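Quick note: the sequence shown, position 102, residue 102 per UniProt numbering, numbers continuous.
A virtual CB, placed ideally from N, CA and C, is assigned to each residue, including glycine.
All figures in this text were calculated on a predicted structure; none of them were measured in a lab.
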Amino acid sequence: MADKDKDEAAIFTPRQSICRTRPSGVTILDDRPITAMVGKRPRESPGEELPPMRQRRDTEVSELVAEGTESALKMASKEELLGRAHESVRAIFGIVAGPGSKINKADTNSVASHGHNILAVMAALNLRLAEAELAVASAKSEAAKAISTGVVQAPATTTRSYAATLKLPGPERAAPERKKPSDGPMLAFYPVAEQSVAIKSAEETKSLEERNGPHFDAGPSIEGRTADAQGDGAAQPQTTCGAAKPIGRPTGEAVITALYEQNMRIKYPDWSLDRLKKSCRVAFKKSRREGSTTTVVLECEPELYEVLVTLDRAYIGWEAVPICDTVCGKCAATGHRLADCQSTVTRCATCHRFGRREAETHATASRDCPARRFAE
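As structure tokens, then:
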């Protein structure tokens, strides 16, 4: 029994040549080159299936549809045109944000079609607006001409082009006034009988008018005089007006008047100009020859002194000047003059101002002053 089974197993034992040789009924073809096709990709495995292609959309518009669109744009109202533009924009967003993530050629054509539709709507609205503005401008100009001439003229019919329709009107201009010849009485000038014989030309009439006409003073003039023998032979101009006053050097009376008019007349009504002049006087003025600033020192009564100290700043003409309180040259105190000082101690004004203890040991600007020694 064992020998029989061993013989049956030996019948189905394959040979080595059969295992290495491929079957004769199977034919293996060579791989063909895959050409790149737009919109398609090769299969990676024999069992893979390509996704179904989306159905193309027909975007061709016939001539009848185009004519219908143009007539609809002309007859539609403003609200309908705005609604059409809104629907087109919504359709564009619906296509772009649709379920298909990739935009193919059909979707691109559809987007372009909706874009042309929006442009057509906007162009129609712009044409209507331009026509309305042009009509209003022409009506205003015709009305102005009719009012100026007094005759109502019929509007001239002209053919308007596309460029003239889009051109917006400019700013309104006033119609030029036409000077009408006066039909009333006229005034003519003739020479008297005594001068009619002497005057024979227009030049003589002009010279007589300049000689006998009114003369006006034109203000300061410049006269030219010849140079002396030692000069260079050039004309030296000489003005007929006086020397101008230097800027920044007012007189004492001008300072007191400006102090009252610009600073005290409204703020201190109890003070009058006469009272101010009686209560103070200009002690002296000091200024430098090169500089344009003048310091005016006033001697005033205690009542006026309290008023001026509270001002802190005074307006003299167009300038705002500070008000500084002077100190006594002996005790370095304020409120009195050196002649009225009752102090027995002489203080240095510089050291007293900075709070130094040695202020009472020397006079102002003396050789013992530390400020002077530091400056030297």
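For this session: Give a yes or no on whether the C-beta atoms belonging to A124 and L81 are separated by under 8 Å.
Result: yes
Problem set entry | First through last residue of the beta strand (DSSP E) which encompasses F284 | C280 to S287
Exercise. How about C324 and L298: are their beta carbons less than 8 Å apart?
Worked result: no
Exercise. Under the rule that 16 or more other beta-carbon atoms within 10 Å means buried, what is I256, buried or exposed?
Worked result: buried
Exercise. Short check: CB of R373 to CB of A359, under 8 Å?
Worked result: no
Exercise. From what residue to what residue does the beta strand (DSSP E) around A320 run?
Worked result: E319 to P322
Exercise. By a C-beta neighbour count over all protein chains shown, 10 Å radius and 16 as the cutoff for buried, is V121 buried or exposed?
Worked result: buried
Exercise. Looking at the structure shown, is T310 part of a helix, part of a strand, or coil, going by DSSP?
Worked result: helix
Exercise. Taking the alpha-carbon positions, what's the C331 to V345 distance?
Worked result: 7 Å
For this session: Compare the beta carbon distance of A314 and N263 with 8 Å and say whether it is the shorter of the two.
Result: yes
Problem set entry | Nearest to S138 (by Cα), restricted to the options Y268, W271 and A164 | A164
Exercise. Mapping DSSP to helix, strand and coil, what is T344?
Worked result: coil
Exercise. Relative to the C-alpha of V296, which residue among K285, E290, E303 and E306 is closest?
Worked result: K285
Problem set entry | Chain-order list of residues whose beta-carbon lies under 8 Å from that of L276 (same chain, five-residue window excluded) | I256, L259, Y260, M264 and L304
Exercise. Count the other CB atoms within 10 Å of the CB of R90; is the residue buried (16 or more) or exposed (fewer)?
Worked result: exposed
Problem set entry | Paired residues, beta bridge with A298 - DSSP | The amino acid at residue 298 is misidentified as Ala; the sequence shows Leu. Note: L298 sits in a beta bridge opposite V282.
For this session: Please state whether DSSP places Y315 in a helix, a strand or coil.
Result: strand
For this session: Can you grab the Cα-Cα spacing for the pair W318 / E376, in whole Å?
Result: 39 Å
For this session: For my contact list, C351 and A371 are in at a C-beta cut-off of 8 Å; report their separation, rounded to the angstrom.
Result: 7 Å
For this session: Could you have a look at T149 and say whether DSSP puts it in helix, strand or coil?
Result: helix
Problem set entry | Distance between beta carbons of I316 and P250, contact taken as under 8 Å | 7 Å
Exercise. Within this structure, are the beta carbons of I118 and A146 separated by less than 8 Å?
Worked result: no
For this session: Check whether the Cβ atoms of H116 and I92 sit closer than 8 Å, and answer yes or no.
Result: no
Exercise. From E79 to L73, what distance separates their C-alpha atoms?
Worked result: 12 Å
For this session: Let me know if A349 comes out buried or exposed under the rule of 16 or more other beta-carbons within 10 Å of its beta-carbon.
Result: buried
For this session: Kindly indicate the opening and closing residues of the alpha helix (DSSP H) around C351.
Result: A349 to R353
For this session: Classify P250 as helix, strand or coil using the three-state DSSP reduction.
Result: coil
For this session: Quick one: give me the first and last residue of the alpha helix (DSSP H) that P269 is part of.
Result: From DSSP, P269 is part of no alpha helix (DSSP H); its letter is neither H nor E.
Exercise. In this structure, does DSSP put A143 in helix, strand or coil?
Worked result: helix
Problem set entry | DSSP three-state assignment for K277, whether helix, strand or coil | helix
Exercise. Per DSSP, what kind of secondary structure is E290 in: helix, strand or coil?
Worked result: coil
Exercise. What three-state label does DSSP hand S207 in the structure shown?
Worked result: helix
Exercise. Apart from the five residues just before and just after V307, which ones in its own chain have a Cβ nearer than 8 Å to its Cβ?
Worked result: M264, Y268 and W271
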